[in-house]
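Sequential numbering of the sequence shown, starting at 991, is according to the working numbering.
For glycine and all other residues, C-beta sits at the position ideal for the given N, C-alpha and C.
Report on the following structure.
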Amino acid sequence: MDTTDILIVGGGAVGCTLATGLLQSTDLTVTLVDANALQQDSLSTPGFDARVIALAKRTVDALSDMGVNLNTHMCPSTPIEHIVVSDRGFLGKTHLHAHEHQLDSFGRVVSIQALGTQLLPEPQPRFHLIDNVTVTDATQTNTSVAVTLSNGKQICTKLLVLADGGRSPVSANLGFSRTQRDYGQTAIVTNIQMSQPHNNWAHERFTEHGPLALLPFATGAAGDDSGAGFSVVWTLPHDDAQQACEWEEGEFATQLQQAIGFRHGHIVKVGERYAYPLSLQQTDDCVRHRTVVVGNGAQALHPIAGQGFNLGLRDVMDLVSALKSQPDPGAFAVLNGYRQQRQADKAATIGLTDGLVTVFSNHHWPIVVGRNLGLLAMEYCDAMAGQFVRQTTGFGPATRPFQN
């Protein structure tokens, strides 16, 4: 039976980031297992799909410290320097500018697939990649976890990390329980090109049907690089979203144009559309005996405010910090310390995201008036704006600086 200090199941962005962080910050041996074929130069797998994500400033800084370059030909990204938050049809509106908060940007927008080319660790003696296999069994013992793969190979590890998403059969077999609450909404994700440049503006617009986010994106639709590209996350009730996915491109562009307005001109191109049903999913306790769940397997959030992926990467960074100089990475004291370390950040971020969905999906007039007053107050109150910015960029009071 082969042995390794840490075995990571799941070679998506979270799993690859964890592997890279561990190899750079510890002396531990790491094995990464994934059901798909992983290649350094082309990660076109389900773990690195065509979606675009907004990396919060803290995430960008942490990846930069790991040597991940988010401004290359292979991995182009676009900084978010300005944000406008508005409630469609009402007066509430807030403008946020990075320089007013002593930041060069609030974060950067990048495609998951391009990011993947930067995250998979280079071959080295302490790293072993096993792809095109699944985990068929995992048995916990006092000092290790014995893992059986679909190719018949068995591996003994001191710590098993599950980074294989919210539908992991391994976590269910090991006794992890998960709660789920359906939001009754589906996110339609696509890239568009506008007739006028984005100028590094991001938009979060709350409509009567659900939130609508526009993220400035370097390549826009159909590979355009005009500086007028956006990635769109359009949230609609399930039935409306299904209908929107069936519209011809012209009808889709017309309806989307009505929802986003004309601040950046007219929609010129629309890329391929993807639909994702939305729910709040949480693993009740992400730590069990010599096993940890991270990323979407630990929590899957509504895309409002773009917090889900960033929260998952903070799981990873804090786990790397917790495992530094630890001869036994699966020891109870180590994992219990990690669990306690993550509680405040998770609670604050999940609470913020879920609260925004609840408040801005409510059509009762007292709530409508209250949320618009809140947006107006944040427009003119630096303290309120600063608190919101700190939390959404990953520097909120509930988060703890990563240890160097």
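Mind checking whether residue i and residue j have CB atoms under 8 Å apart?
i: N1026; j: N1132; result: no
i: M1184; j: F1220; result: yes
i: L1139; j: T1129; result: no
i: A1218; j: H1193; result: no
i: I1102; j: V1023; result: no
i: K1148; j: S1134; result: yes
i: G1156; j: A1290; result: yes
i: L1325; j: A1295; result: no
i: I1145; j: L997; result: yes
i: P1267; j: V1223; result: no
i: V1099; j: V1042; result: yes
i: V1020; j: D1055; result: no
i: V1260; j: E1239; result: yes
i: P1111; j: T1197; result: no
i: R1332; j: L1150; result: no
Going by other Cβ atoms of all chains shown within 10 Å of its Cβ, with 16 needed for buried, is residue i buried or exposed?
i: P1113; result: exposed
i: N1394; result: Model confidence at N1394 stands at a pLDDT of 46, short of 50, so the residue's coordinates are unreliable; what they give is reported in the following sentence. When all chains shown are included, N1394 counts as exposed.
i: T993; result: exposed
i: R1253; result: exposed
i: F1378; result: buried
i: G1002; result: buried
i: Y1397; result: The structure shown does not extend to residue 1397, since the chain is modelled only from 991 through 1394, so no value can be given for it.
Going by CA-CA distance only, name the one from the options that's closest to residue i.
i: F1242; options: I998, Q1108, V1179; result: V1179
i: G1384; options: L1268, G1097, N1163, P1317; result: G1097
i: R1195; options: G1079, P1115, D1017, P1187; result: G1079
i: H1063; options: V1075, T1107, V1074, P1069; result: T1107
i: D1275; options: G1296, W1355, G1165; result: G1165
i: T1357; options: V1379, T1068, D1077, I1294; result: The sequence given here places Ile at residue 1357; Thr does not occur at that position. Ranking the options by Cα distance to I1357, first place goes to D1077.
i: G1287; options: F1299, P1293, A1295; result: F1299
i: A1203; options: P1317, N1061, V1075; result: V1075
i: D1372; options: T1084, V1050, M991; result: T1084
i: C1006; options: Q1381, F1117, K1336, L1093; result: F1117
i: Q984; options: L1018, R1380, E1090; result: Outside the shown range of the chain (991 to 1394) lies residue 984, about which nothing can therefore be said.
I'd like the list of long-range same chain contacts for residue i, defined as Cβ closer than 6 Å, with 5 residues on each side in sequence excluded.
i: T1169; result: Q1272
i: E1071; result: A1088, S1095, N1190
i: G1082; result: N1362, L1365, L1366
i: A1104; result: C1065
i: G1000; result: A1153, D1154
i: F1124; result: For the sequence presented, residue 1124 should be read as Thr rather than Phe. Hits under 6 Å: A1025, S1140.
Quick check on DSSP: helix, strand or coil for residue i?
i: H1063; result: coil
i: V1004; result: helix
i: V1223; result: strand
i: F1242; result: helix
i: G1106; result: helix
i: R1278; result: strand
i: H1228; result: helix
i: F1322; result: helix
i: A1212; result: Unreliable placement is indicated for A1212, whose pLDDT of 47 sits below 50; no coordinate value is reported for it.
i: D1024; result: coil
i: H1404; result: One cannot answer for residue 1404 here, as it falls past the ends of the chain, which runs 991 to 1394.
i: F1355; result: It is worth fixing the name first, because residue 1355 is Trp in this sequence and not Phe. Three-state result, W1355: helix.
i: N1300; result: helix
i: F1378; result: helix
i: N1394; result: Reliability of the predicted coordinates at N1394 is poor, the pLDDT of 46 falling under 50, and the value obtained from them is presented with this limitation in mind. It is coil, neither helix nor strand.
What does a CB cutoff of less than 7 Å around residue i pick up in its chain, not counting 5 residues either side in sequence?
i: V1004; result: A1153, V1284, G1285, G1302, L1303, V1306
Within the same chain, show all residues whose beta-carbon is closer than 8 Å to that of residue i, passing over the 5 residues directly before and after it, in chain order.
i: P1227; result: G1174, Q1175, T1176, H1199, G1200
i: G1255; result: M1184, S1185, Q1186, A1218
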